[in-house]
Amino acid sequence: MLMVTVALRGPQSADLPADVLDILWFVASFERGVEHLHADSPEAGGIGHLTFFVKAPTREKAVALARGITRRALADSPALTGWHVVPGRP
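Counting from 1, one number per residue, gives the positions in the sequence shown under the numbering used here.
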């Protein structure tokens, strides 16, 4: 099992939506390997963290899976409008 953290930044005064885990689980349901998810909400304007616990053969595949799920959730969920993956962050 590998742990992957994806950093997010949102609108200046926004918190991660309370249902962010539900959104991620829905997107992850189309993939294999995600065992557990955790969301750490930032202070307003700060960086939030999504932590994925993934069964994958390599770290690179685990990171690709977590980032792909996150990007699809951000693209497809109106509740996550304005949020984006922080480049260069884990």
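Positions of the beta carbon are idealized from the N, C-alpha and C atoms, including for glycine.
- Apart from sequence neighbours up to five positions away, the residues of its chain that approach residue 59 with a beta-carbon distance below 7 Å are 2, ordered along the chain.
- Inclusion of residue 11 and residue 82 in the CB contact set at 8 Å is warranted, their separation being smaller than that value.
- Spatial neighbours of residue 70 in its own chain (CB-CB distance under 7 Å, excluding positions within 5 residues in sequence) are listed in chain order as 6, 50, 85.
- Assignment of beta-bridge partners to residue 5 by DSSP yields 51.
- In the structure shown, the three-state DSSP call for residue 37 is strand.
- Residue pairing by DSSP places residue 63 opposite no residue, since no beta bridge is assigned to it.
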